[in-house]
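J.: Structure provided below as structure tokens; questions to follow.
Below, the structure is given as structure tokens:
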């Protein structure tokens with residue numbers, strides 16, 4: 003890895019070490035999954051809770067696949083908590099504004 007990227011990652015790990023426990027809102031995308039990995043690296047899996055949005059915008063198969071992948075990549079000691087998300091209950095979302 004590039005020295006500058008290594009330094010930035012080390013700075014992130016140092017920052018995360020300042021917390022006793024963290025919750026990470028994780029969509030399964032690259033950014034949130036990277037942050038979840040960094041949190042597990044810094045604190046250990048038992049001190050990380052993944053908050054996974056359970057939304058009708060994704061099929062149940064896709065949600066299950068993402069959740070299984072997160073547990074597989076981050077370890078079984080990481081708690082994954084589903085958070086119900088209903089974007090259709092927000093008028094601005096429905097109106098696409």
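Numbering (the working numbering), first residue to last: 3 to 99. Glycine included, C-beta positions come from ideal geometry on N, C-alpha and C.
1) Assuming residue 54 and residue 97 make a contact with CB atoms under 8 Å, what is their CB distance in whole Å?
2) With residue 72 and residue 82 assumed to form a contact (beta carbons below 8 Å), what rounded beta-carbon distance in angstroms separates them?
3) I'd like to know whether the C-beta atoms of residue 49 and residue 10 end up nearer to each other than 7 Å.
4) For the candidate residues 94, 99, 6, 19, whose alpha-carbon lies nearest to that of residue 45?
5) Nearest to residue 28 by alpha carbon, out of 89, 76, 14?
6) How is residue 100 classed by DSSP in three states: helix, strand or coil?
7) Is the separation between the beta-carbon of residue 52 and that of residue 80 shorter than 7 Å?
8) Do you know how far the Cα of residue 13 is from the Cα of residue 40?
T.: Let me lay it out:
1) Taking the chain shown and counting its residues from 1, the one referred to as residue 54 is at position 52. Taking the chain shown and counting its residues from 1, the one referred to as residue 97 is at position 95. Actually they do not touch by this definition, with Cβ atoms about 27 Å apart.
2) The sequence position of residue 72 within the chain shown is 70, counting from 1. The sequence position of residue 82 within the chain shown is 80, counting from 1. Right, the Cβ-Cβ distance comes to about 6 Å (below 8 Å), so this counts as a contact.
3) The residue labelled residue 49 in the question sits at position 47 within the chain shown. The residue labelled residue 10 in the question sits at position 8 within the chain shown. The answer is no: Cβ separation not under 7 Å.
4) By one-based count along the chain shown, residue 45 stands at place 43. Scanning 94, 99, 6, 19 for the CA closest to the CA of residue 45 turns up 19.
5) Sequence index remark: in the chain shown, residue 28 carries index 26 (1-based). It is 76 whose Cα lies nearest to the Cα of residue 28.
6) This structure leaves residue 100 out entirely; the chain is present only between 3 and 99.
7) Translated into the one-based positions of the chain shown, residue 52 becomes position 50. Translated into the one-based positions of the chain shown, residue 80 becomes position 78. If you check the CB distance, residue 52 and residue 80 come in under 7 Å.
8) Along the chain shown, read from residue 1 onward, the residue named residue 40 stands at position 38. Along the chain shown, read from residue 1 onward, the residue named residue 13 stands at position 11. Looking at the two C-alpha atoms, the distance is approximately 11 Å.
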